[in-house]
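Chains as they are written, first to last, in the UniProt record's numbering: chain A, 1 to 348; chain B, 1 to 348.
Accompanying notes for the structure given below.
Number of protein chains: 2
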Amino acid sequence: MANIGVVTTATNNQVILRNYVSGFPKESDLYIAATTVDLRVPPGSMAVLVKNLYLSCDPFSRIRMEKPDPSSPASVARAYSIGKPISGYGVAKAIDSCHPNYKNGDLLWGRVGWEEYSVITPTPSSHFKIHHADVPLSFYTGLLGIPGLTAYIGFYEICSPKKGETVFVSAASGAVGQLVGQFAKMAGCYVVGSASSEEKTKFGYDDAFNYKEEKDLSAALKRCFPEGIDIYFENVGGKMLEAVLENMRTHGRIAACGMISQYNLKKPEVLHNTATIVHKRIRVQGFAAVEFFDRYSKFLDFILPHVREGKLTYVEDISQGLENGPSALIGLFHGKNVGKQLVEVARV
Amino acid sequence: MANIGVVTTATNNQVILRNYVSGFPKESDLYIAATTVDLRVPPGSMAVLVKNLYLSCDPFSRIRMEKPDPSSPASVARAYSIGKPISGYGVAKAIDSCHPNYKNGDLLWGRVGWEEYSVITPTPSSHFKIHHADVPLSFYTGLLGIPGLTAYIGFYEICSPKKGETVFVSAASGAVGQLVGQFAKMAGCYVVGSASSEEKTKFGYDDAFNYKEEKDLSAALKRCFPEGIDIYFENVGGKMLEAVLENMRTHGRIAACGMISQYNLKKPEVLHNTATIVHKRIRVQGFAAVEFFDRYSKFLDFILPHVREGKLTYVEDISQGLENGPSALIGLFHGKNVGKQLVEVARV
Chain A
1 MANIGVVTTA TNNQVILRNY VSGFPKESDL YIAATTVDLR VPPGSMAVLV KNLYLSCDPF
61 SRIRMEKPDP SSPASVARAY SIGKPISGYG VAKAIDSCHP NYKNGDLLWG RVGWEEYSVI
121 TPTPSSHFKI HHADVPLSFY TGLLGIPGLT AYIGFYEICS PKKGETVFVS AASGAVGQLV
181 GQFAKMAGCY VVGSASSEEK TKFGYDDAFN YKEEKDLSAA LKRCFPEGID IYFENVGGKM
241 LEAVLENMRT HGRIAACGMI SQYNLKKPEV LHNTATIVHK RIRVQGFAAV EFFDRYSKFL
301 DFILPHVREG KLTYVEDISQ GLENGPSALI GLFHGKNVGK QLVEVARV
Chain B
1 MANIGVVTTA TNNQVILRNY VSGFPKESDL YIAATTVDLR VPPGSMAVLV KNLYLSCDPF
61 SRIRMEKPDP SSPASVARAY SIGKPISGYG VAKAIDSCHP NYKNGDLLWG RVGWEEYSVI
121 TPTPSSHFKI HHADVPLSFY TGLLGIPGLT AYIGFYEICS PKKGETVFVS AASGAVGQLV
181 GQFAKMAGCY VVGSASSEEK TKFGYDDAFN YKEEKDLSAA LKRCFPEGID IYFENVGGKM
241 LEAVLENMRT HGRIAACGMI SQYNLKKPEV LHNTATIVHK RIRVQGFAAV EFFDRYSKFL
301 DFILPHVREG KLTYVEDISQ GLENGPSALI GLFHGKNVGK QLVEVARV
């Protein structure tokens, strides 16, 4: 029986990639286009139609804007397609579902398109149902999502912190950095952060500096860490990594989940002191939170009580409306955000 | 009572540092001088007079020839002194002992001077008594000494090898490399080595290449590892490390115990692809065997049966006589040695 009189389509605004990017991305590399979405998913499929509420602005998107290298399957797999909506992590609400684990009205976070509605096929490695909605839903793009898991795995598992150790966090006010700083304080460490403005260095660190105001990064680190750095949470790479290696203590640990300073450079900055890793017996570990999803529920058990009791704070920089998505995402690479950058597409 | 008629002194030839070194060391940076040694150690001391039998030629000596930086306690502590004998690891025999754990005639290995006789104060962190003399004593400078422990800890503990994984060893014929190659075969890995001559690549590797004959190191690695490298045992650094990072597989491990290619450079080579560590979630671990002396007896239990059964081979490059010590040591930095380089000062 036909659904006479029932609206079965809607306008679906999308953020589309205009062209592949080299160097810094510009707002004009993206554009908004309106398409139409069917509000019913095909019966017999495993699909879920979701209404997107919050979209996460992630540095990794820049890598996906790069022209794919046909000889690299990884590069081809991650690259966005020209003329199609970009994608990332977001918080969404199921509108119509053929998936046995999702019913209409369910909240979830995971991979969605940068658009008002997405049709997704949830899997345990790409989507998580939201069972705790007493905290701000936007937190599932940050504190309770990939950035939170990144900070948790990187700091507690990879850096093996001990009370009294010294910790340095670059991108101190960012989605991940602001959490690492708080975790380090909770662990009884002395923690220093660096960011790109005075405002951003006010995140409860023991000490902080604005890297844009320092002529000599190594000297700045020496001033903050006269005895050296035990743990470095690496978010930026480039010159900062070099200065950190100079100031690292013997047996230091570096957890590296990103090197945002390098993503927009046609030629990456070079590292001059690689041998320091040997001389100081340093461990450098690259990692990606998506490979630790098996720890997600343990992570939630740990972090939710801290959030509810107000022991952890989380600063968000929220852009309103999908139409402001491009500027929010591009702003990330110019350090415009204070706190976790995200886009509110709709409220629940 | 005076020891009338008993010889209580002897001539003690020594290898002396003439001046601090910058760039490649030369034989003339060292010289031989004869001094006199008292053949009795002071009663009441913990000292042992030893006759040196074998001296190990180690890349690390180059770092100790560098002019110390007064602002760096580590640099001051490790630097040799001008006009004094250089030192390193060696095999020796106790001639006169006031130490309760050592009696005359005991064999030991550990830190000694580059001289015919040394007065040492043995400690558990610097000297090991030799309990197994059925194997060549010279092996305690290599296979059964620091290089052996380095290969064992680096490969088994730091690289966590799994059967079927691919392993690359630079300095494949060196003191450490030749062992890592054999350990990797024993672990069921596919192992490729690189060295500076055709002769040196014949060490039982699945494949090998002479890096001096390759125009493009990355292409050479791609040829040997079409599917990429899981484990890299880093001995050289510089351009080789860069080429390896390009060819590393996701979740690759790099154990780094030395970067000999960098020691003689006034300006170290730069690394252009540091961000690969993040993209491929690679672990890089600097380490030094001297920090794993607590594992030494376990290591001996593991390795001695293999040596006795002929399952492990070890190629040595032995220079005869202390007077040939300087050329043997300098030759190391020009890749002249085939196998573990050492100096035979005397036979037991």
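Cβ atoms here follow ideal geometry from the backbone N, Cα and C, with glycine treated the same way.
- Between the alpha carbons of G105 (chain B) and A219 (chain B) lies a gap of roughly 54 Å.
- At least one beta carbon of chain A lies nearer than 8 Å to the beta carbon of R281 (chain B).
- For the C-beta of A77 (chain B), not a single chain A residue is nearer than 7 Å; the gap to the nearest is close to 12 Å.
- Rounded to whole angstroms, the gap between the alpha carbons of S81 (chain A) and L17 (chain A) is 7 Å.
- The region 224–237 of chain B makes contact with the region 250–264 of chain B; the number of CB pairs closer than 8 Å reaches 3 or more.
- Measuring C-alpha to C-alpha distances from K103 (chain A) to each of A:S71, A:S61 and A:V50 identifies A:V50 as the nearest.
- Per DSSP, I303 (chain B) is one residue of the alpha helix (DSSP H) stretching across Y296 to R308.
- The closest CA to that of P100 (chain B), considering only B:V191, B:T201 and B:A47, is found on B:A47.
- In terms of Cα proximity to Q182 (chain B), the closest of B:E157, B:F60, B:F203 and B:T276 is B:F203.
- Under the Cβ criterion of 8 Å, V270 (chain A) is counted among the residues facing chain B.
- A straight-line Cα-Cα distance of about 12 Å links G339 (chain B) and A328 (chain B).
- Taken in chain order, the complete beta strand (DSSP E) segments of 3 residues or longer contained in the region 178–216 of chain A are 190–195 and 207–210.
- Collapsing the DSSP output to three states places I63 (chain B) in a helix.
- A distance below 8 Å separates the beta carbons of P122 (chain A) and L108 (chain A).
- For the region 230–260 of chain B, residues whose beta-carbon sits nearer than 7 Å to a beta-carbon of chain A comprise G237, L241, A256, C257, G258 and M259.
- When only Cα atoms are considered, V135 (chain A) and K163 (chain A) end up about 30 Å apart.
- For R249 (chain A), the uninterrupted beta strand (DSSP E) segment begins and ends at M248 to A256.
- In the three-state reduction of the DSSP assignment, V343 (chain A) falls in the strand class, which pools E and B.
- Where H279 (chain A) is concerned, there is no enclosing beta strand (DSSP E), although the alpha helix (DSSP H) around it starts and stops at T276 to H279.
- Taking the C-beta atoms as reference points, G90 (chain B) is found no nearer than 8 Å to Y117 (chain B).
- Residue-level contact check: V278 (chain B) touches chain A, since one or more beta carbons of chain A fall below 8 Å from its beta carbon.
- Annotation: the continuous beta strand (DSSP E) that includes S319 (chain A) extends over E316 to Q320.
- Taken in chain order, the complete alpha helix (DSSP H) segments of 4 residues or longer contained in the UniProt domain "Oxidoreductase N-terminal" (14–122) of chain B are 60–64 and 73–78.
- Within chain B, the residues placing a beta-carbon under 9 Å from that of E291 (chain A) are H251 and R281, ordered along the chain.
- Contact note: V191 (chain B) does not reach chain A at a C-beta cutoff of 9 Å; the least C-beta distance is about 22 Å.
- Look at the region 6–20 of chain A: it has no residue with a C-beta under 9 Å from a C-beta of chain B.
- Setting aside the 5 residues that flank it on each side, F293 (chain A) is surrounded in the same chain by S125, each with a C-beta closer than 7 Å to its C-beta; the list follows chain order.
- Bridge partners of A10 (chain A) according to DSSP: A:V37.
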